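Student: So that you can map any letter, position 87 of the sequence shown is 87 in our numbering, and since no number is skipped, the others follow by simple counting.
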Amino acid sequence: MLEPQEVREETTRQEFPRNKLNDLSGRDWIKFTKSWFVHRPEPRGDRKIRHPASFPESLVKDFVSFFTRKGELVVDPFVGTGSTLVAALETGRSGIGFEIVEKYAEISRERGNG
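1) According to the neighbour-count rule (16 or more other Cβ atoms, all chains shown, within 10 Å of its Cβ), is D46 buried or exposed?
2) Can you name the residues that DSSP bridges to G92?
3) From W29, G80 and A87, pick the residue whose C-alpha is nearest to that of L73; which is it?
4) Could you tell me which residues DSSP pairs with L21 in its beta bridges?
5) Is S83 near E57, with beta carbons less than 7 Å apart?
6) Mind checking which residues open and close the alpha helix (DSSP H) that includes V64?
7) When the Cα atoms are used, what is the spatial distance from D62 to T68?
8) Just to confirm, are V79 and G97 a CB contact at a threshold of 7 Å?
9) If you follow the beta strand (DSSP E) that V75 is in, where does it begin and where does it stop?
10) By alpha-carbon positions, which one of L59, P52, A53 and E90 ends up nearest to K70?
11) Output the distance between the C-alpha atoms of E110 and Y104, rounded to the nearest integer angstrom.
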């Protein structure tokens with residue numbers, strides 16, 4: 001017959017790796033996760049682009065920066081007039097988008113080449 005023995009599991013403190021989602025500093029990360037963002041972009045002037053789902057590029061830049069790292073690829077399956085691709089390029093990412101409405105696809109191409 002075996003004698004009872006004390007079984008003790010060795011536990012170690014679990015180390016959490018640094019945030020690998022993006023390049024944000026700790027301060028920027030906290031700001032992004034604890035804040036409301038109000039964007040009041042400058043008007044686009046003569047280039048005003050009419051699209052039913054318009055939003056400022058500054059808003060997209062925040063999200064692109066939060067969810068990707070520089071050099072990564074941003075994919076927008078409904079690119080519209082290309083605000084997401086412009087934001088990707090301006091924040092050091094690559095971008096690719098798809099649009100089935102030709103007039104919006106053309107605007108997106110022009111903005112990406114400008």
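Ideal placement from N, C-alpha and C gives every residue a C-beta, glycine not left out.
Keep in mind the model is a prediction, meaning the values are calculated, not measured.
Tutor: Concretely, from the data shown:
1) For D46, the predicted model reports a pLDDT of 49, less than 50, meaning its position is unreliable and no value from the coordinates is stated.
2) DSSP lists no partner for G92.
3) A87
4) None, per the DSSP bridge assignment.
5) yes
6) E57 to F67
7) Approximately 10 Å between the Cα atoms of the pair.
8) In this structure, V79 lies near G97, with their beta-carbon atoms less than 7 Å apart.
9) L73 to D76
10) E90
11) About 10 Å.
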